[in-house]
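The structure under discussion appears below in the form of structure tokens.
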Amino acid sequence: MVPAPPPPALPRLTLVLGGARSGKSRHAEALVTTSAPPWTYVATAQAFDEEMTERIAQHKARRPDEWQTLETTHDLAALVRTHASPTPMLIDCLTLWLSNVMLADRDVAAACADLIEALAAARGPIVAVSNEVGLGIVPDNALARAFRDAQGRLNQDVAALADRVILMAAGLPLTLK
Amino acid sequence: MVPAPPPPALPRLTLVLGGARSGKSRHAEALVTTSAPPWTYVATAQAFDEEMTERIAQHKARRPDEWQTLETTHDLAALVRTHASPTPMLIDCLTLWLSNVMLADRDVAAACADLIEALAAARGPIVAVSNEVGLGIVPDNALARAFRDAQGRLNQDVAALADRVILMAAGLPLTLK
Amino acid sequence: MVPAPPPPALPRLTLVLGGARSGKSRHAEALVTTSAPPWTYVATAQAFDEEMTERIAQHKARRPDEWQTLETTHDLAALVRTHASPTPMLIDCLTLWLSNVMLADRDVAAACADLIEALAAARGPIVAVSNEVGLGIVPDNALARAFRDAQGRLNQDVAALADRVILMAAGLPLTLK
Chain C
103 MVPAPPPPAL PRLTLVLGGA RSGKSRHAEA LVTTSAPPWT YVATAQAFDE
153 EMTERIAQHK ARRPDEWQTL ETTHDLAALV RTHASPTPML IDCLTLWLSN
203 VMLADRDVAA ACADLIEALA AARGPIVAVS NEVGLGIVPD NALARAFRDA
253 QGRLNQDVAA LADRVILMAA GLPLTLK
Chain S
103 MVPAPPPPAL PRLTLVLGGA RSGKSRHAEA LVTTSAPPWT YVATAQAFDE
153 EMTERIAQHK ARRPDEWQTL ETTHDLAALV RTHASPTPML IDCLTLWLSN
203 VMLADRDVAA ACADLIEALA AARGPIVAVS NEVGLGIVPD NALARAFRDA
253 QGRLNQDVAA LADRVILMAA GLPLTLK
Chain F
103 MVPAPPPPAL PRLTLVLGGA RSGKSRHAEA LVTTSAPPWT YVATAQAFDE
153 EMTERIAQHK ARRPDEWQTL ETTHDLAALV RTHASPTPML IDCLTLWLSN
203 VMLADRDVAA ACADLIEALA AARGPIVAVS NEVGLGIVPD NALARAFRDA
253 QGRLNQDVAA LADRVILMAA GLPLTLK
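Protein chains in written order, with the numbering used here: chain C, 103 to 279; chain S, 103 to 279; chain F, 103 to 279.
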């Protein structure tokens, strides 16, 4: 019997992009757990309502104990700078972080530039999850349009840095890079 | 002259995924009609307004007489269980069915689980059309968010069962699986 | 040292499709500027508010002087008919043009048919940018739904004519055709 080939090593930076409920988090977790534990999980969600509390609980229940969970709502760049290679770090997700930054009325462009700088300097491996939000009709309200623009720019910047970019649809990965 | 190769046989279950007006129905029909007739068309649309009546009429006008049309607004799983192989069955579409189920205030999770069970047991060939709805900005209202989540989960579950998954954009197919 | 291979010649018609802030314009410009200058840039944006004025200025600042800029808000078909081959023409973008046509209450189907006829007759090379807008939740208002349908149909028709169709996500191209 021929042994299965070893899984490909995680590259320095992977971006897992996709829509809502496209299986992004699950796929990112599967990528990280091809490496030996421990693994670091960076949660950026703010549990500001029941719907979000429920979603966070569901995600957490899926992760076994080999995960160390760190939480940050706004200071993601600082946390990335503390990343100790070679423990893989999963960031779930850039969209919630960006939304926290915008709602806190911080300087979005500066925060994104700082995050990009931190990611560029990190030794990895890091897997970042993010939403693609620009494929619907132009939103009515200006904040949603500003968010959509900021998210699109951030995704482009992270994708440019990334060694691997995957677009998820219906739980299936499509390699963009 | 070299004769054209025969079209590939339809697998047990195909999912044709895509946005609004992406050519999903047309592509699904083209897949089904590579087999010899007759073909079964399962319509899940409810003609509750003029816009939808018009859309149903347009779809119907495109289909030749070799199609037998069955209509179901809510009981899609039951209809899938009556499917007689090897006549190909086209389900158009899961999104309208899911929306009917939600608007009727039925138990969405149970209805989806029942449909998945029926699809898993079917001998096929079945081609199911569904919308990808999660690639825009988070919707304002809770019902739309719940729908988006339910649709995403259903698409993932059907895609996991399917032998072939195709994402349509601008009338062009992209093979995900 | 082996010299880099020459860039592939631009085909008669290329469609660059994508979401908001997906890098469509930048990629389309990169495709055009693989050819020798001059290049024609067709701007369809109407600067009816500050947000749009800013966006137009950003796009313009990125383009060097080898670009000749033509502006048209509604009569894109006429402008395509004046295109003098072999100077590459970049149309940025079909979505703004379609939105101008709809807001002016013109006959959308006739305008689209006229544009398709002009594109079919053009010798090219032409690169057209367009938005994919159908991958979110069904919009609440009827005008947005009508726009989404018209845009989907136009994208399908242009894609059918095109020699090459590219879907952009996070600044990365995915070849559909």
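No residue lacks a Cβ here, since even glycine has one placed at the ideal position from N, Cα and C.
Note that the structure is predicted; figures quoted are calculated from it, not measured.
Under DSSP, the beta strand (DSSP E) around residue i begins and ends at which residues?
i                        : result
aspartate 209 of chain F : Here aspartate 209 of chain F belongs to no beta strand (DSSP E), and DSSP marks it neither H nor E.
alanine 271 of chain C   : 266-271
So residue i contacts chain F; which residues on that side make the cut at Cβ distance below 9 Å?
i                     : result
valine 182 of chain S : Within 9 Å Cβ-Cβ: nothing; valine 182 of chain S doesn't reach chain F, min ~25 Å.
Could you give the first and the last residue of the continuous alpha helix (DSSP H) run that contains residue i?
i                         : result
isoleucine 158 of chain F : 152-164
leucine 133 of chain F    : 126-134
alanine 262 of chain C    : 244-263
valine 182 of chain S     : 178-183
Using a cut-off of 9 Å between C-beta atoms, extract the partners of residue i located in chain C.
i                      : result
glycine 121 of chain F : Glu234, Val235, Gly236, Leu237, Gly238, Arg250 and Gly254
leucine 117 of chain S : Ala272
Using a C-beta cutoff of 9 Å, does residue i count as contacting chain B?
i                      : result
leucine 276 of chain C : Given the protein chain composition of this structure (C, S and F), no chain B is represented.
Can you find a CB in chain S that lies within less than 9 Å of the CB of residue i?
i                         : result
valine 267 of chain F     : yes
alanine 130 of chain C    : no
serine 127 of chain C     : no
asparagine 243 of chain F : no
glutamate 173 of chain C  : no
Residue i CB to nearest chain F CB: under 9 Å?
i                      : result
alanine 261 of chain C : yes
alanine 272 of chain C : no
leucine 217 of chain C : no
What does residue i reach in chain F if we use C-beta pairs closer than 7 Å?
i                      : result
leucine 205 of chain C : Simply none; closest approach about 20 Å.
Show which residues of chain S have a CB atom less than 8 Å away from the CB atom of residue i.
i                      : result
alanine 246 of chain C : Ile239
lysine 279 of chain F  : Leu274
Report the partner residues of residue i according to the DSSP bridge assignment.
i                         : result
isoleucine 193 of chain S : S:Val144 and S:Ala230
leucine 115 of chain F    : F:Ile228
glutamine 170 of chain F  : F:Thr142
proline 275 of chain F    : F:Met270
glycine 120 of chain C    : C:Asn233 and C:Met270
Find the residues of chain S that neighbour residue i, judging by a C-beta separation of less than 9 Å, and give them in chain order.
i                      : result
leucine 133 of chain F : In chain order: nothing, as chain S lies at least about 17 Å away.
Taking 9 Å as the CB-CB limit, is residue i close to chain C?
i                        : result
serine 137 of chain F    : no
glutamate 168 of chain F : no
Which chain C residues sit within Cβ distance under 8 Å of residue i?
i                        : result
glutamine 258 of chain S : Arg123, Ser124, Gly125, Ala272 and Gly273
task = Taking a Cβ distance cut-off of 8 Å, strictly less, list which residues of the segment 183-203 of chain S are near chain C, in chain order.
result = none
query = Using a Cβ cut-off of 8 Å, which residues of the segment 219-241 of chain S contact any Cβ in chain F, in chain order?
reply = Glu234, Val235, Gly236, Leu237, Gly238, Ile239 and Pro241
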